[in-house]
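If you count the sequence shown from 1, position 172 lands on 172 in UniProt numbering, and the numbers rise without skipping. Shown next, in structure tokens, is the structure this report addresses.
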Amino acid sequence: MRKWGPHSSSSPMSLRLREGRIALCIWWTAGSKGSSSMICHICKDKVATIRLKEIINNVVTELHLCQDCYESREHQGKTGLDDVGANLNALVEDEKKKVKAKGKGKRCPGCGLSEEQFRARGRLGCGECYKIFAKTLEPILVKVHGSTEHHGKIPQESARSLDLKTELRKLQEDLQRAILAENYERAAKLRDKIKQFGSI
1 MRKWGPHSSS
11 SPMSLRLREG
21 RIALCIWWTA
31 GSKGSSSMIC
41 HICKDKVATI
51 RLKEIINNVV
61 TELHLCQDCY
71 ESREHQGKTG
81 LDDVGANLNA
91 LVEDEKKKVK
101 AKGKGKRCPG
111 CGLSEEQFRA
121 RGRLGCGECY
131 KIFAKTLEPI
141 LVKVHGSTEH
151 HGKIPQESAR
161 SLDLKTELRK
171 LQEDLQRAIL
181 AENYERAAKL
191 RDKIKQFGSI
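Pasting the structure below:
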């Protein structure tokens, strides 16, 4: 009778549930039918006689172990894949921290909006955000509006009256200069133009 594994069960397979994970252990003896001479993934020295498969969130991870490494993992309460999973989890967590650190760099003290939230929403939360996210906003504003300054729009009637007032002021200044220069002919023409503005 073959010894299939540390549990000496009559089956070459066992299925274990551990913390929401499924771990499938398959034992074989080196040189038996269907086996290959795989090297242990842990010690990288002995021939692997145990194949562990772990399924987490529909992702299958496989690890080949020698009898000694498997037993030492079992005594530690691990399936053998826990180390691999822990390493992968640590890498994923590090990447998450890096991404969060980039987004955490800027946060509006007024409304609490982060740069990451601003990029996702496409809108700012308050007036203070314009100061906090100025470097992020500048290329966006130039691309969209052609400038980083807002000039706004003036209603047509107001714009026209503003233009007329500006022109009247300029004519009055020109009239004063003409009088000081004793250019009375030019002063008379400017005076007539100013009178036309009074009738408008």
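We put the beta carbon where it would ideally sit given N, CA and C, even for glycine. Quick caveat, the model's predicted, so the values are computed rather than measured.
By the neighbour-count criterion, in which 16 or more other beta carbons inside 10 Å mark a residue as buried, L180 falls on the exposed side. Under the DSSP assignment, V142 falls in the alpha helix (DSSP H) whose first and last residues are 134–145.
Of the residues assessed, R121 falls on the exposed side of the cut-off, its CB having fewer than 16 other CB atoms within 10 angstroms.
In summary, F118 is buried, with 16 or more beta-carbon neighbours lying within 10 Å of its beta-carbon over all protein chains present.
S114 carries a strand assignment under DSSP once its states are collapsed to helix, strand and coil. Just so you know, the alpha carbons of V60 and R51 end up roughly 12 Å apart.
Cβ neighbours of C129 within its own chain (closer than 8 Å, five residues either side excluded): C108, G110, C111, L113, F118.
Taking 8 Å as the cut-off, the Cβ atoms of C66 and K53 do not count as close.
Taking C-beta separations shorter than 6 Å and ignoring five residues to either side along the sequence, the partners of E138 in its chain run T148, following chain order. As the crow flies, the alpha-carbon of K106 is around 46 Å from that of K44.
Distance from the Cα of E71 is smallest, within the candidate group C40, I56, I55, for C40. Beta-bridge analysis with DSSP links I56 to V59. E116 and I42 have their C-alpha atoms roughly 40 Å apart. DSSP, reduced to helix, strand and coil, places L124 outside both helices and strands of the structure shown, so it counts as coil. Cβ neighbours of L171 within its own chain (closer than 7 Å, five residues either side excluded): L190, K193, I194. The three-state secondary structure of I50, taken from DSSP, is strand. In this structure, the straight-line span from the alpha carbon of R177 to that of K153 is close to 34 Å.
Sequence-distant partners of H64 (beyond 5 residues in either direction) whose C-beta falls short of 6 Å from its own C-beta, in its chain, are M38, H41, A48, R51.
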